[in-house]
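Trainee:
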Amino acid sequence: MFLELTVSVIGGIWKPTILVNLLMGRKRFMELNRLMPDATHRVLTLQLRELEADGLITRHVFPEVPPRVEYEATPLARSLVPILGSLRDWGDRYREEQQKLPELDPHCPADEAPVSAGRRAAAAR
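Take 126 as the starting number for the sequence shown in our numbering and just add one per residue.
1) Considering only C-alpha positions, which residue in the set E221, G180, V186 and R159 is nearest to S204?
2) Closest to L147 by CA distance: which of G137, L160 and S211 is it?
3) Of all the options L209, F154 and D214, which has the alpha carbon lying nearest to the alpha carbon of L171?
4) For P141, which residues from the same chain have a beta carbon less than 8 Å from its beta carbon, with the 5 sequence-adjacent residues on both sides left out?
5) Measuring straight from C-alpha to C-alpha, what distance separates L157 and H232?
6) From the DSSP secondary-structure annotation, give me the bridge partner or partners of A198.
7) With a Cβ-Cβ cutoff of 8 Å, do R151 and E197 count as a contact?
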């Protein structure tokens, strides 16, 4: 139950990356977008809202024209530093293992070709 709760809060294609970027300091939306160019504005907005609702980030709105908004990691988000570091380390090891796998033969029938989880994930994108 607790694992599912944790994954529901920090899971998502961009949430860990958003958190890591905000743990390094306050950022405006466009700064985050530049740091994650593959994230669409819509997805970035949704994931920022979810992280704010879950108490992991705060949104600071400054009364200026045009409005200025900055996002910042909360102390609760700071408690995730060891977890995010472990996820990064695991990803590095996983990538190394995937690079050791032999390349697939394009002439091999698909039902006979060995497919790793990483290649399945990449093929699904």
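Backbone N, C-alpha and C define an ideal beta-carbon position, used for all residues, glycine too.
Mentor: In terms of the structure at hand:
1) With distances taken between Cα atoms, S204 lies closest to G180.
2) In terms of Cα proximity to L147, the closest of G137, L160 and S211 is L160.
3) Cα-wise, what sits closest to L171 is F154.
4) I135, L209 and L212
5) 42 Å
6) I182
7) yes
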